[in-house]
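A.B. asks: Structure below; questions to follow.
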Amino acid sequence: MNKILSMLLAISYGWVAAYGQIGINTEFPLRVFHVDGAGDNTSSNPSEAEQLNDVVVTSAGNLGIGTLTPVTKVDLKNDPISSVSSLRIQDKLGAYPNKVLESGTDGIAFWAEQPPSITKTYAAVPAQKFITRVRTRLVTDSDMVIPQNGKYLLTLRWWSYYRWTNSPSKKVSIYVYVLKRGITGDLDQIEYYLLASQNQVISFTTSLYLGDCTAGEIVDIEIYPSIGGSGGDGQTQYELYGNATRPDLIPQVILYSI
3 MNKILSMLLA ISYGWVAAYG QIGINTEFPL RVFHVDGAGD NTSSNPSEAE
53 QLNDVVVTSA GNLGIGTLTP VTKVDLKNDP ISSVSSLRIQ DKLGAYPNKV
103 LESGTDGIAF WAEQPPSITK TYAAVPAQKF ITRVRTRLVT DSDMVIPQNG
153 KYLLTLRWWS YYRWTNSPSK KVSIYVYVLK RGITGDLDQI EYYLLASQNQ
203 VISFTTSLYL GDCTAGEIVD IEIYPSIGGS GGDGQTQYEL YGNATRPDLI
253 PQVILYSI
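Counting in our numbering, the sequence shown runs from 3 upward without gaps.
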């Protein structure tokens, strides 16, 4: 009996070595290791529907679930008409409400608290002046410090006086830049064109994208008056309202995570 078993094992091993493929529940193994869960592959060219219950390992070491052609180390394909997700991770049931799965620099995954959405408002310091073709930082009541890692956006609500002599009204422009303090390069910028005459109020609202930011970084807004009236460079083009008791007349900045 032992001799018969040994012969059968030898024959089986020789077949696997010769063909290099192992099939379970299928007569048509198509990869190094191939399991047909439902046993419904009727040929060596199974349909997409037949592949959905298959599991394979390729010669490249890729694991395919629901597909015979995995292109990554783990490749899952779900039934397109199914309402059930193709991946579920259940770890300590009930212990991780509202958590997100993250990975460190070593690639090890871990559960982490979902970062809260953050919104903070800053007011510009009153009476600031902005000179034609001079790029100047908009000073706020406190530094705009990034509170936590993430992607950020800010909204600027501008309100100022236009101080150059224009008669009649003339097209003027103002550039708005956003950047990280101490780091070369702008994160985003925009130019506004408006019609203005001397002492007229200039007001607009715009949003600027900061992208990925790190906790502790300081964000600055810089203003560059470009096109103005008569008088040449070096003239005060925009001046902020001088009384902090009227926040509705002072530029406001809203910083928020997205």
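Note that the Cβ used here is the ideal one computed from N, Cα and C, for glycine as well.
The structure presented is a predicted model; accordingly, all values stated were derived computationally and were not measured.
Hey, how far is the Cα of Arg159 from the Cα of Glu115?
C.D. replies: Each residue's alpha carbon lies about 33 Å from the other.
A.B. asks: Could you give the distance in angstroms between the alpha-carbon of Gln254 and the alpha-carbon of Asp56?
C.D. replies: Looking at the two C-alpha atoms, the distance is approximately 58 Å.
A.B. asks: Give a single yes or no on whether Leu196 has its beta carbon closer than 6 Å to a heavy atom of the ligand MN.
C.D. replies: The ligand MN is absent from the structure shown, which contains no ligand whatsoever.
A.B. asks: Please state whether the Cβ-Cβ distance between Ile223 and Thr208 is less than 7 Å.
C.D. replies: No, the pair does not count as a contact, with Cβ atoms beyond the cut-off.
A.B. asks: What whole-angstrom Cβ distance do Tyr194 and Ser175 have, given they're in contact under 8 Å?
C.D. replies: Right, their Cβ atoms sit about 6 Å apart.
A.B. asks: Please list, in chain order, all residues of the same chain as Leu210 whose beta carbon is under 6 Å from its beta carbon, the five residues on each side excluded.
C.D. replies: Closer than 6 Å at the Cβ level, and outside the excluded window around Leu210, lie Leu156, Val180, Asp190.
A.B. asks: For Pro128, which residues from the same chain have a beta carbon less than 8 Å from its beta carbon, with the 5 sequence-adjacent residues on both sides left out?
C.D. replies: So the qualifying residues of the chain are Leu242, Tyr243, Gly244, Asn245, Ala246, Ile252.
A.B. asks: For my contact list, Gln239 and Ile133 are in at a C-beta cut-off of 8 Å; report their separation, rounded to the angstrom.
C.D. replies: The Cβ separation is near 7 Å, so the contact holds.
A.B. asks: Does the separation of the CB atoms of Gly68 and Leu89 fall below 7 Å?
C.D. replies: Their beta carbons are not under 7 Å apart, which means Gly68 does not touch Leu89 by this criterion.
A.B. asks: Can you give the Cα-Cα distance for Lys2 and Arg165, rounded to whole angstroms?
C.D. replies: With the chain running from 3 to 260 in the structure shown, residue 2 is simply not present.
A.B. asks: At 3 residues or longer, what runs of the beta strand (DSSP E) sit wholly inside the segment 164 to 228?
C.D. replies: Listed in chain order, they are 172 to 182, 188 to 198, 203 to 215, 220 to 227.
A.B. asks: Considering only the alpha carbon of each residue, which of Leu212, Ile24, Lys173, Gly218 lies closest to Ala198?
C.D. replies: For Ala198, the nearest C-alpha among the options comes from Lys173.
A.B. asks: Return the CA-CA distance between Leu11 and Phe30, expressed in angstroms with no decimal places.
C.D. replies: Annotation note: pLDDT 47 at Leu11 (below 50); position unreliable, coordinate value reported separately. Distance between the alpha carbons of Leu11 and Phe30 is about 20 Å.
A.B. asks: Once you ignore the five residues that flank Gln23 on each side, which residues in its own chain have a CB closer than 8 Å to its CB?
C.D. replies: Pro31, Leu32, Arg33, Val34, Phe35, His36.
A.B. asks: Looking only at its own chain, which residues have a Cβ that is under 8 Å from the Cβ of Lys75, when we skip the five neighbours before and after it?
C.D. replies: Same-chain partners within the cutoff: Gly63, Asn64, Leu65.
A.B. asks: Taking the alpha-carbon of Pro72 as reference, which of Lys122, Val58, Pro82 has the nearest alpha-carbon?
C.D. replies: Of Lys122, Val58, Pro82, the residue nearest in Cα terms is Val58.
A.B. asks: Please report the residue range of the beta strand (DSSP E) in which Gln53 lies.
C.D. replies: From DSSP, Gln53 is part of no beta strand (DSSP E) but of the alpha helix (DSSP H) over 50 to 53.
A.B. asks: Once DSSP output is grouped into helix, strand and coil, what is the label at Leu251?
C.D. replies: It is helical.
A.B. asks: Here's a check: name, in chain order, each residue in its chain whose Cβ is nearer than 6 Å to the Cβ of Ala19, leaving out the five neighbours to either side.
C.D. replies: The pLDDT assigned to Ala19 is 47, lower than 50, so where the model puts this residue is not dependable; a value taken from the coordinates is nonetheless given after this. Excluding sequence neighbours, Ala19 sits near nothing in its chain.
A.B. asks: Can you name the residues that DSSP bridges to Arg159?
C.D. replies: Beta-bridge pairing links Arg159 to Thr207, Gln254.
A.B. asks: Taking the straight line between their C-alpha atoms, what separation do you get for Ser162 and Asp250?
C.D. replies: Roughly 11 Å separates the two Cα atoms.
A.B. asks: Please give the ranges of any beta strand (DSSP E) in the segment 86 to 147, keeping only runs that are unbroken, at least 3 residues long and fully inside the region.
C.D. replies: Runs found: 101 to 105, 111 to 115, 121 to 125, 131 to 133.
A.B. asks: Rounded C-beta distance between Ser119 and Ser205? I'm assuming under 8 Å.
C.D. replies: About 28 Å; that fails the 8 Å criterion.
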